[in-house]
Structures are given as structure tokens and as C-alpha cells.
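A.B. asks: Going by this note's numbering, the first residue of the sequence shown is number 457, and it counts up by one from there.
Positions of the beta carbon are idealized from the N, C-alpha and C atoms, including for glycine.
The structure presented is a predicted model; accordingly, all values stated were derived computationally and were not measured.
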Amino acid sequence: MLNKSHYDERMRIAILDGYVDEPTCLGVPPYISPYPRYLAGAAWSIDRDADVRYITIDDLRRGNVTIQELNVFDIVVVVAGMAVPGRYLSTYPAHPKEIRKYLEKVNRPVKILCGPAGRFGFGVAGGVKPREVRDVFDFVVKGDGEIFLKEFLKSREADPDTTRGDYTEVREYAVRGGGIVKQHPNYPDYIIAEIETYRGCPRSITGGCSFCIEPLKGLPVFREVKDIVAEISSLYRHGIRHFRIGNQPCIFSYRAID
457 MLNKSHYDER
467 MRIAILDGYV
477 DEPTCLGVPP
487 YISPYPRYLA
497 GAAWSIDRDA
507 DVRYITIDDL
517 RRGNVTIQEL
527 NVFDIVVVVA
537 GMAVPGRYLS
547 TYPAHPKEIR
557 KYLEKVNRPV
567 KILCGPAGRF
577 GFGVAGGVKP
587 REVRDVFDFV
597 VKGDGEIFLK
607 EFLKSREADP
617 DTTRGDYTEV
627 REYAVRGGGI
637 VKQHPNYPDY
647 IIAEIETYRG
657 CPRSITGGCS
667 FCIEPLKGLP
677 VFREVKDIVA
687 EISSLYRHGI
697 RHFRIGNQPC
707 IFSYRAID
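1. Thinking just about the alpha-carbon of each residue, which of V532, A536 and T547 is nearest to the one in R518?
2. Helix, strand or coil for D473, going by three-state DSSP, please let me know.
3. How is R543 classed by DSSP in three states: helix, strand or coil?
4. Leaving out five residues on either side along the sequence, give the residues of the same chain with a beta carbon under 7 Å from the beta carbon of D591.
5. Can you list, in chain order, the residues of its chain with a C-beta nearer than 6 Å to that of D503? Leave out the 5 residues immediately preceding and following it.
6. Quickly, what does DSSP pair T662 with across the bridge? List them, please.
7. Looking only at DSSP bridge pairs, what is R468 linked to?
8. Please identify the residue among K638, I707 and C706 whose C-alpha is closest to the C-alpha of Y692.
9. Within 10 angstroms of its Cβ, does D594 collect 16 or more other Cβ (buried), or is it exposed?
10. Going by DSSP in three states, E478 sits in which element: helix, strand or coil?
11. Which ranges does the alpha helix (DSSP H) cover as unbroken runs of at least 4 residues, wholly within the region 514-573, from first to last along the chain?
12. Is the distance from the Cβ of Q704 to the Cβ of Y623 below 7 Å?
13. Please give me, in chain order, every unbroken run of the alpha helix (DSSP H) with length at least 4 that falls completely inside the region 616-648.
14. DSSP has R655 in a bridge; who is on the other side?
15. Applying the 10 Å Cβ sphere with the 16-neighbour rule, what's the burial state of G634?
16. Do you know offhand how far F576's Cα is from G483's?
17. How many Å lie between D515 and A539 at the Cα?
18. Count the other C-beta atoms from every protein chain shown that fall within 10 angstroms of the C-beta of C665, then say buried if there are 16 or more, exposed otherwise.
19. Quick test of the definition: if touching needs 3 or more C-beta pairs under 8 Å, does the region 667-684 touch the region 603-612?
20. Within its chain, find whatever has a CB closer than 7 Å to the CB of E560; leave out the 5 residues flanking it on each side and keep chain order.
21. Give me the Cα-Cα distance between V596 and Q524, rounded to the nearest whole angstrom.
22. Would you decide whether P644 is buried or exposed? Buried here means 16 or more other CB atoms lie within 10 Å of its CB.
23. Quick one: grab the DSSP three-state call for F699.
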């Protein structure tokens, strides 16, 4: 059940984590991916008093959060997508049929789909395009969810295809969003924060590896070391003690010139 303090006059945003699994990013518990953290940071950068709640697909599966409770929010942002289906021990990513099952009953909030599912579709058998759940959402974000959310909160208008130009745009979000980890069911002892260092692939000009989506993100764009340290420091202050420097195609080629 959601805390009753939720029912006030602040902007109410639910980040529903359907768990992501990409070649370059782990987001299935015990991992928490950068996606929900960046989204929370973007929301708090616009309205520091916004009531941002982190909810997992397991909360819906187990009845810990109901459809009626989701309908109290102003915005529900779903993070989902298995770019590379795998085998999981503790739980498993949201299937498009699950997302439809739960979200088609949520009719009050603005509903936004982002993450790999919005950009590439669902990596279930044979692949499922986002159009399979398109009618459930008001917006399917093919760009960067945190950039879209920021612009939407500012003006109620935003381009779902907009991507960030570089990592300076998420520097603040990565730090501000660290506090959302306290709402994770595994907090504080059984949660690992996935840390992003760069995205893109130098082989994108030739198509890259057949199994990987990273070349679709273009040539590498790197985060500054000081920004990565600032994010980890924020997460540490919020109680996280386990980190994985894993959200990149190749840790050995970080900041490589050639």
C-alpha cells in the first residue's frame, strides 16, 4: 500500500520499473538501472517538492500497489524493455501482456512508456514492437525519458524522439535522483546501483555486433569522471553500498581516443 501522505496537492509522479535488461545495462533486481534514477532527478529538478514514487512491476504482481492507487497519480512513467532476454533468479522483467493488463486499467494519469521498450520494443521471443502496447500510453518515448519528462513537466509539450545532446544534461538528474533508491524493495542491503559511464559504440559505423543494440545509439559519448563520482557519492549518502560500473559497452574502452 502507498503511504497516505501521497494524497496531497503536490505533483504526483509514479515511476513504474518494469526492469530493463540490455547488453550494456542490468536493471533486474538486485540491480537498479539508471533509468528510474534519472527520471526522478529530472522531476525533482523541475519541482523539488514533487511526490515521486518508485514502484516495481512486482508491487503490482503481488498486490502491494493497486490499480486504484496508480489512478491517484498525475503521471505514470513506465520503464521497461528486454533488449536481450535472459534467465533470472529473483524476478523477471515485465512482459508486454503484463503492461497492457495493468496499464489499460489506469485511466486518470498521463501514461508514458520509456526505456528500451519505447525505443526498440520488447525483446521477448521474436521481438515485440512497442506498437503492441502503444494504445495503452499517451506517449511512447523513443528518445531519452528523462529529457522528455523534464520538458513535459515544464510546458506540457515535449517531443518523444528527443535525445540528450551529451551527459551534461543528466549531470544534475543523476545526483538528485539518488534518493529514489530508498523506495526500492531491496533497500538498503540487497540493491546494486548500475552506473553508466558512456553509451554508443565505435563499431556503429560498420553496424556493430549482430546481437547488440548499442550501435543504434551512435558513436560513443562519455561521461566526465567527476560526474560519475558525484553520482556515486550521492547514492552512497542515500545508503547504497554496492555499485556495478557496468552500464557501457566496454569498460576498458572508456574515454579511449581511438
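C.D. replies: Concretely, from the data shown:
1. T547
2. strand
3. coil
4. none
5. M467
6. BP columns for T662 are empty, so no partner.
7. D507
8. K638
9. exposed
10. strand
11. 523-526 and 552-559
12. no
13. 627-632
14. V677
15. buried
16. 16 Å
17. 23 Å
18. exposed
19. no
20. V592
21. 23 Å
22. exposed
23. strand
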